[in-house]
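*Asks:*
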Amino acid sequence: MQLSRRQFFKVAAGGLTGSSLVAMGFSPTAALAEVRTFKLARSTETRNTCPYCSVGCGIIMYSLGDKAKNAHAEIFHIEGDPDHPVNRGSLCPKGAGLLDFVHSKNRLKYPEVREPGSKEWKRISWDEAFTRIARLVKEDRDANFIAKNADGVTVNRWLTTGFLAASASSNEAGYITHKVVRSLGMLAFDNQARV
Amino acid sequence: MTNHWSDIKNADVVLIMGGNAAEAHPCGFKWVTEAKAKNKARLIVVDPRFTRSAALADLYAPIRTGTDIAFLGGVINYLIAGNKVHMDYIKSYTDMSYLVKDEFAFADGFFSGYDAEKRRYDKTGWEYQTGEDGYVKTDPTLENPRCVWNLLKAHFARYTPEMVEKICGTPKDKFLQVAELLASTHTPDRVMTILYALGWTQHSTGSQIIRTAAMVQLLLGNIGRAGGGINALRGHSNIQGLTDLGLLSNLLPGYMTLPGEKETDYDAYIAKRAPKPMRPGQLTYWQNYGKFHVSLMKAWYGAAATKDNNWAFDYLPKLDKTYDVLQVFELMHQGKMTGYFAQGFNPLNSFPNKAKVSAALSKLKFLVIMDPLATETSEFWQNHGEFNDVDPAKIQTTVFRLPTTCFAEEDGAIVNSGRWLQWHWKGAEPPGEAKTDPEIMAGLFLRLREMYKKDGGAFPDPILNLSWAYKLPHEPSPEELAKEYNGKALADQFDAKDPTKLVKKAGELLDGFAQLKDDGSTACGCWIFSGAWTEKGNMMARRDTADPWHNGQTLGWAFAWPANRRILYNRAAADPSGKPWDAKRKQVWWDAAQSKWVGSDVPDFKADSAPEDGMGPFIMNPEGVARFFARGMMNEGPFPEHYEPFETPIGTNPMHPNNPKAVSNPAARVFKGDMEAFGTAKDFPYAATTYRLTEHFHYWTKHVESNAITQPEQFVEIGEALAAEKGIKAGDKVKVSSNRGYIKAVAVVTKRIKPLQVDGKTVHHVGIPLHWGFKGVAKNGFITNTLTPFVGDANTQTPEFKSFLVNVEKA
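Protein sequences appear in the order of chains B and D.
Just so we're aligned: the first sequence equals residues 965 to 1159 in this note's numbering.
Just so we're aligned: the second sequence equals residues 87 to 897 in this note's numbering.
(1) Would you grab the beta carbon distance between P875 (chain D) and F732 (chain D) for me? Rounded to a whole angstrom, and I think it's under 8 angstroms.
(2) For F427 (chain D), I'd like the list of residues in its chain whose CB is within less than 6 angstroms of its CB, leaving aside the five on either flank, ordered along the chain.
(3) Going along chain B, which residues have a C-beta under 8 angstroms from C492 (chain D)?
(4) Apart from the five residues on each side of it in sequence, which residues of its chain come closer than 6 angstroms, Cβ to Cβ, to R311 (chain D)?
(5) CA-CA distance, G989 (chain B) and H111 (chain D)?
(6) For V131 (chain D) and S1018 (chain B), I'd like the C-alpha separation in whole angstroms.
(7) Just tell me which of D:I325, D:L281, D:F545 has its CA closest to the CA of N1155 (chain B).
(8) When you compare only the Cα positions, how much space is there between V1101 (chain B) and A389 (chain D)?
(9) Please classify H636 (chain D) as buried or exposed, where buried requires at least 16 other C-beta atoms within 10 Å of its C-beta.
(10) Output needed for T461 (chain D): all residues of its chain with C-beta closer than 6 angstroms, excluding positions within five of it in sequence on either side, in chain order.
(11) So what does DSSP say about C233 (chain D), is it helix, strand or coil?
(12) Which residue from D:R487, D:M720, D:S139, D:K384 puts its Cα closest to that of S290 (chain D)?
(13) Measure the beta-carbon distance from G1020 (chain B) to T1010 (chain B) and round it to whole angstroms, keeping in mind my assumption that it falls under 8 angstroms.
(14) With a cut-off of 8 angstroms, does the C-beta of N324 (chain D) fall near any C-beta of chain B?
(15) Residues in the region 1086-1107 of chain B with C-beta within 9 angstroms of chain D's C-beta atoms, listed in sequence order?
(16) Relative to the alpha-carbon of V302 (chain D), which residue among D:T271, D:H322, D:V802 has its alpha-carbon at the smallest distance?
(17) Alpha carbon to alpha carbon, what distance is there between L344 (chain D) and E525 (chain D)?
(18) Where does D154 (chain D) land, buried or exposed, given buried means 16+ other C-beta within 10 angstroms?
(19) Which partner residues of V501 (chain D) appear in the DSSP bridge assignment?
(20) Which word fits L488 (chain D), buried or exposed, when buried means at least 16 other C-beta atoms lie within 10 angstroms of its C-beta?
(21) Who are the neighbours of N1051 (chain B) on chain D, taking C-beta pairs under 8 angstroms?
(22) So, helix, strand or coil for S198 (chain D), using DSSP?
(23) Give a yes or no on whether the C-beta atoms belonging to G494 (chain D) and I1024 (chain B) are separated by under 8 angstroms.
(24) Which residues in chain D have a C-beta closer than 8 angstroms to the C-beta of G1126 (chain B)? List them in chain order.
(25) Just list the residues that DSSP pairs R1071 (chain B) with in beta bridges.
(26) Is it true that the region 508-517 of chain D meets the region 1105-1122 of chain B, where meeting means three or more beta-carbon pairs spaced less than 8 angstroms apart?
(27) Using the beta-carbon of each residue, which ones in chain B are nearer than 8 angstroms to K512 (chain D)?
(28) Out of D:A97, D:G307, D:L145, which has the shortest C-alpha to C-alpha gap to K126 (chain D)?
(29) Under 8 angstroms Cβ to Cβ from A107 (chain D), same chain only, skipping five residues before and after it: list those, please.
(30) Strictly by DSSP, which residues pair up with F1127 (chain B)?
(31) Pick from D:A360, D:K384, D:A678: whose alpha carbon is nearest that of W554 (chain D)?
(32) Kindly say whether S1007 (chain B), judged by its beta-carbon, lies nearer than 8 angstroms to any beta-carbon of chain D.
(33) Determine, using beta carbons only, whether A794 (chain D) and N439 (chain D) come nearer to each other than 8 angstroms.
(34) According to DSSP, what are the bridge partners of W683 (chain D)?
(35) Going straight from the alpha carbon of K583 (chain D) to that of V589 (chain D), what length do you get?
(36) With distances taken Cα to Cα, identify the nearest neighbour of W372 (chain D) among D:P361, D:Y355, D:V476.
Right under this line is the structure:
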């Protein structure tokens, strides 16, 4: 598409770049090509790893903005990382849909609680969620912690609350989860590797 | 994986069995295509279904689900009987010459020591003979009838091609073609890789299936070799990492294990896990166990872990048994559990027998869900019609649902199947108020610690003393946590040979696990990850694609555990004299001039141990060599044996037709009530198996619009012969039922599944993709695990999702 010189000045109104380029003798056509650069070129590229199967394909996520403090980064495109030695830029039908996972309408946004017998969710604050859960945990741990077994041997275990850890969370999440869970004396602890 | 994805290109033969890489791991399967294109490799697929992997195979053999040990046992017999084994390799690198105690025996389907009442073995007789010098007795001539070689030969001689056909339904000629092609890799110049996945693990005999496959690879001399190995294609993106980090009932990070309650003595606890070499001159790397363990306790408990309190030994919970998920849901079902957390996990869909899981969750006082998506488990109490027919008013469980970030919204590392720790970066803010998992764990922990500080309570010590020196206590950063699992010096470290030479200053990050100490002067949260983030920086973030040897090892890309080593056991890629078995595939070798091991990979060996010292390549084993005879390490026997799935379409074990107690795995744990919930072929005549599709990932992508569009509706696959028998046409709605419930789905009538002739009977398979549920943007459907049986592998307790019985009718 070509714009007339007048249309170009309208588009570039107030744009110092446009007008000074013209002043320097660049034709509107060339300058317009600059204005119409692929939006990928103005986006921020972030390297990541596909979270689905265990091939560990490299991906590049493209987001709007430059990650400045007040800019809201929004991912608008995800593709295979051509430098990655395993997937070499390709993605499978699962990985190719990653953008729709990030933006799925079923993403959870707020802490919620479903009270006993209730048919619905109620939004709560993080503080309320943490405090209520911590109270329930402490109440059960204090009531059912086994310091010694029947033979009087110190066993320091707690069996009445369990924890199922993730399958796609990071090492760092897994590490701190393990550290916290074991400090409570919990043994009913597994991750997806069990199944 | 002993090897890794790009390494598949080095193979001459690829066997895909118990997996379907073309559909479940498509971008990894590209390396099979690469091997075929560039290396003239031949692909073999053995599967009940003619999968998309099979569609690209040079050779496809059908097999009845759950009979892989019989098939692979037949291969072992074929290799031994036909002298198609890599004899130099197995003589030097395996336990073939080791003598076994006279008590060990096998008869009528049972190994020696079986207690039928307890469904358990007394394993004391499953051991090598020991000489007066304390070492295991061997017979290098392999003539002694009690040596492993002769016991193995006798054990597998029963697995004839005829027996394989009778049990597996694989036509004898097809089986022999497969065996012949596999056997072609017994020469040093040819290598085969085996790729497997949940199709092997999800059986009541899963661990032994994998052992049988490993035996095939050892007989052929394919372990430790580029293009070889035994390669688990893991199901999720960081199951490898979470397992490495020990997030399982009985584990600690780095494959260390929790003490049992009978282990009251700390020194004995460590000594048991740090075995002495069983043969002269062997390394036995686990002898360093104490260093890994003490460094872990220093990372977790800092100054509170001292030599005087045995490094806080009392802080570790002691096991009376393993609390795997089947055990835990059994306890929950009995009403013995109060609370449960599910972090990025959807147990209502992922565990067997949905009715039991749902009833169990209904007995909890509280359930906490942490997830980026609205999972079925989080709404197990909600009525979703026929898909989840419950009455919320009757369910008294309080359910909290906490929103988490997804991969795109956080920094961190995940570990792929090839053991590569790859760092990733945050690209956007999460939606709404979602938090990262570390923030949520910190939020809960800090409140709990505050309550214990203020009010006291049961054994508060480990909670109050847990090391928590993060800059922002409510938000430990991925960098801080990664450095913590890498490990650091707590005091100045000096060279062992030259005590005046400072190696590490106190506070510096360690270079690797060789620097760990058992005197409390180092801290390390996961010894096998040590080297991932050193003073040189984040090794997991490295992006150098250089491959100077053109063998795909890319040592400068990310970080592979252990010690950036890409192929495990790679010392075995060289012959006993230290020269590569195959000059075309040079991996590691002994450089006499430098007096050390060198090569295109990081040697998996003591770097300065000369070949003439006779150290074996399997340095983690006290034998120094690979084990064919598992001693007491497997619950159902030192050698694999075929047992039928707990729901068997033929009702008998053709290996032991006269022993009704040896039909299914005699050592598998079955809870009361679950045995009664098994169905028989009389009511449920068809062998069913579950699996994934190319277009979907587990229960996640039904929330993803593009995937929901490509595969919108639940279906099951039925062969043409069965469809004709039942009057079912493609597109008909069918009801598939087991003894535990039913699902309804659209019938896909296919040529991909053919009836098999097994033990004189016709066996039909029914294929059931697993991706649907009552939440998502795809069409809602039934939870597949409504159908599956509540029994697991006798060692790992991984449920038998892959073999059970169903009936099929027009809905």
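All residues carry an ideal CB built from backbone N, CA and C; glycine is no exception.
*Replies:* According to the data block:
(1) 6 angstroms
(2) V454
(3) P1015, F1065, V1066, R1071
(4) V277, A659
(5) Any reading at G989 (chain B) must be qualified, since the residue scores a pLDDT of 46, below 50, and its modelled position is unreliable; the value itself is stated next. Whole-angstrom Cα-Cα distance: 55 angstroms.
(6) 20 angstroms
(7) D:I325
(8) 26 angstroms
(9) exposed
(10) N432
(11) strand
(12) D:M720
(13) Their Cβ separation, rounded to whole angstroms, is 16 angstroms, which puts G1020 (chain B) and T1010 (chain B) out of contact at 8 angstroms.
(14) yes
(15) I1088, S1089, W1090, D1091, A1093, F1094, T1095, R1096, I1097, A1098, R1099, L1100, V1101, K1102, E1103, D1104, R1105, D1106, A1107
(16) D:T271
(17) 26 angstroms
(18) buried
(19) D:L507
(20) buried
(21) C113, K116
(22) coil
(23) According to the sequence shown, residue 494 (chain D) is Ala rather than Gly. Contact: no.
(24) Y409, V414, M418, M423, G425, Y426, F427
(25) D:L459
(26) no
(27) T1010
(28) D:A97
(29) G114, F115, V118, S139, L281, A283, L319
(30) B:F1153, D:F427
(31) D:K384
(32) no
(33) no
(34) D:W676
(35) 11 angstroms
(36) D:P361
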